[in-house]
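**Student:**
Set out below in structure tokens:
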């Protein structure tokens, strides 16, 4: 229903990238990934050519994808659903971005274990997805260092829709009660989520985890390097076995 066009779409793609691109007047999505893995979208700017084109559907989206990232982005338009994850997405990241509008859209069909970190947003959008497609999200989503600029806390600091996850350093927020009458009480962790919340350390969760993995120093993390005192990884026995057409055994 929106005027304009979609921008860049990845489908059935492994190991791809978009770098330093401006998308003007996307009616639907500026950049979208579906059935993808290891895609990096860096430095994308989304904007409108006129006030009439400010509102559109999404800016960015993940669907059926894993281990992908949007980073260093700037959304100058006001997408209705903002940036979203949906359709069984796992281990994807939105990192270091600014959003003049929209929200963190969990588009149902059980996305789980995705991260939003170091994002400034005017949170004026809404989440979508068909009501018959299950709850908004699965477990283990993380919102880390998010500045709401005194806008709505819906979806960005709303633990009652998170079955399990973490909200850490969500600034200018008025979080909801972590109670959901239909789905049961949330097991989300809330740490410094309030109107006067501060910036957490490290500043960017994704960059800190990457630095730790590579043995580099961590921004805002006290100059820590690789975890020299960590125990050596050992194989873990899950204690079950099985084969096609036979019942599983064990725990």
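In the working numbering, the protein residues as written are 133 to 383.
All C-beta atoms in this analysis are idealised placements derived from N, C-alpha and C, irrespective of residue type, glycine included.
#1: Please report the straight-line C-alpha distance between residue 339 and residue 247, rounded to a whole angstrom.
#2: Taking just the CA atoms, how far does residue 144 sit from residue 257?
#3: My assumption, with CB atoms under 8 Å, is that residue 283 sits in contact with residue 302. Please give the rounded CB distance.
#4: Spatial neighbours of residue 325 within its chain, please: C-beta separation below 8 Å, excluding the five flanking residues on both sides.
#5: Here's a check: name, in chain order, each residue in its chain whose Cβ is nearer than 6 Å to the Cβ of residue 195, leaving out the five neighbours to either side.
#6: Counting C-beta neighbours from all protein chains within 10 Å, is the total for residue 330 16 or more, i.e. buried, or is it exposed?
#7: For residue 153 and residue 170, what's the separation of their Cα atoms in angstroms?
#8: Is the beta carbon of residue 213 sitting closer than 7 Å to the one on residue 188?
#9: Compute the Euclidean distance between the alpha carbons of residue 278 and residue 198, then round it to the nearest angstrom.
#10: For the beta strand (DSSP E) holding residue 321, just list the boundary residues, first then last.
#11: Going by beta carbon distance, what residues of the same chain come within less than 6 Å of residue 229, once the five residues before and after it are set aside?
#12: Grab the span of the beta strand (DSSP E) containing residue 184 for me, first residue to last.
#13: Under 7 Å between the Cβ atoms of residue 394 and residue 292?
#14: Taking only the alpha-carbon atoms, compute the straight-line gap between residue 180 and residue 207 and give it to the nearest angstrom.
#15: How is the beta strand (DSSP E) around residue 337 delimited, first residue to last?
#16: Which same chain residues, not among the five before or five after residue 363, have their C-beta less than 7 Å away from its C-beta?
#17: Is it buried or exposed for residue 147, if we count other Cβ within 10 angstroms and need 16 for buried?
#18: Among 240, 321, 350, 343, which one has its Cα closest to the Cα of residue 333?
#19: Which residues in the same chain have their Cβ closer than 6 Å to the Cβ of residue 295, if we skip the five residues on either side of it in sequence?
#20: Please determine, among 241, 244, 321, 168, the residue with the shortest C-alpha to C-alpha distance to residue 276.
#21: Assuming residue 294 is part of the beta strand (DSSP E), what are its boundary residues?
#22: Tell me where the beta strand (DSSP E) around residue 199 begins and ends.
#23: Please determine, among 176, 221, 242, the residue with the shortest C-alpha to C-alpha distance to residue 158.
#24: Check residue 349 in the structure and name its three-state DSSP category.
#25: In this structure, does DSSP put residue 298 in helix, strand or coil?
**Tutor:** Concretely, from the data shown:
#1: Here residue 339 refers to the residue found at position 207 of the chain shown. Here residue 247 refers to the residue found at position 115 of the chain shown. The alpha-carbon separation between residue 339 and residue 247 amounts to approximately 12 Å.
#2: Here residue 257 refers to the residue found at position 125 when the chain shown is read from its first residue. Here residue 144 refers to the residue found at position 12 when the chain shown is read from its first residue. Taking the straight line joining both Cα atoms gives about 29 Å.
#3: What you label residue 283 is simply residue 151 of the chain shown in a count that begins at 1. What you label residue 302 is simply residue 170 of the chain shown in a count that begins at 1. In this structure, residue 283 and residue 302 do not form a Cβ contact; the two beta carbons are roughly 12 Å apart against a cut-off of 8 Å.
#4: Here residue 325 refers to the residue found at position 193 when the chain shown is read from its first residue. Non-local C-beta neighbours of residue 325 in its own chain, meaning closer than 8 Å and more than five positions away in sequence, comprise 289, 299, 300, 301, 302, 305, 307, ordered along the chain.
#5: Mapped onto the chain shown, residue 195 falls at position 63. Close CB contacts of residue 195 within its chain, under the 6 Å cut and outside five residues either way in sequence, are with 166, 218, 219 (chain order).
#6: As a working note, residue 330 is residue 198 in the chain shown. The residue in question, residue 330, is exposed, as its Cβ has fewer than 16 Cβ neighbours within 10 Å.
#7: Here the question's residue 153 lines up with position 21 in the chain shown. Here the question's residue 170 lines up with position 38 in the chain shown. C-alpha separation (whole angstroms): 19 Å.
#8: Counting from one through the chain shown, the residue named residue 213 turns up at place 81. Counting from one through the chain shown, the residue named residue 188 turns up at place 56. With a cutoff of 7 Å on beta-carbon distance, residue 213 and residue 188 are scored as not near each other.
#9: Taking the chain shown and counting its residues from 1, one reaches residue 278 at position 146. Taking the chain shown and counting its residues from 1, one reaches residue 198 at position 66. As the crow flies, the alpha-carbon of residue 278 is around 22 Å from that of residue 198.
#10: Residue mapping note: residue 321 aligns to position 189 of the chain shown, counting from 1. 321-326 is the extent of the beta strand (DSSP E) around residue 321.
#11: Reading the chain shown from its first residue, position 97 is the one you call residue 229. Within the same chain, residue 229 has close Cβ partners 205, 251.
#12: Within the chain shown, numbered from 1, the residue matching residue 184 stands at position 52. It is not in any beta strand (DSSP E) - residue 184 carries neither H nor E in the DSSP assignment.
#13: Since the first residue shown for the chain is 133 and the last is 383, residue 394 is missing from the structure and cannot be characterised.
#14: Here residue 180 corresponds to residue number 48 of the chain shown, with the count starting at 1. Here residue 207 corresponds to residue number 75 of the chain shown, with the count starting at 1. Distance between residue 180 and residue 207, taken at the CA atoms: about 10 Å.
#15: Here residue 337 refers to the residue found at position 205 when the chain shown is read from its first residue. Residue 337 -> not in any beta strand (DSSP E); alpha helix (DSSP H) instead, spanning 337-346.
#16: Translated into the one-based positions of the chain shown, residue 363 becomes position 231. Because the pLDDT at residue 363 is just 47, under 50, the model does not fix this residue reliably, and the value given afterwards should be weighed accordingly. No residues qualify anywhere along the chain.
#17: Taking the chain shown and counting its residues from 1, one reaches residue 147 at position 15. Exposed, by the Cβ-count rule.
#18: Counting from one through the chain shown, the residue named residue 333 turns up at place 201. Looking at the Cα atoms, 350 is the closest of the given residues.
#19: Counted from its first residue, the chain shown places residue 295 at position 163. Result list for residue 295: 271, in chain order.
#20: Counting from one through the chain shown, the residue named residue 276 turns up at place 144. The alpha carbon of residue 276 has as its nearest neighbour, out of 241, 244, 321, 168, the alpha carbon of 321.
#21: Within the chain shown, numbered from 1, the residue matching residue 294 stands at position 162. For residue 294, there is no enclosing beta strand (DSSP E), as DSSP marks it with neither H nor E.
#22: Sequence index remark: in the chain shown, residue 199 carries index 67 (1-based). Boundaries cannot be given for residue 199, as no beta strand (DSSP E) includes it and DSSP labels it neither H nor E.
#23: On the chain shown, position 26 is the one that residue 158 refers to. Out of 176, 221, 242, 176 has the C-alpha closest to the C-alpha of residue 158.
#24: Here residue 349 refers to the residue found at position 217 when the chain shown is read from its first residue. For residue 349, the three-state secondary structure derived from DSSP is coil.
#25: For the purposes of this step, residue 298 is identified with residue 166 of the chain shown, where counting begins at 1. Of the three classes helix, strand and coil, the one that applies to residue 298 here is strand, per DSSP.
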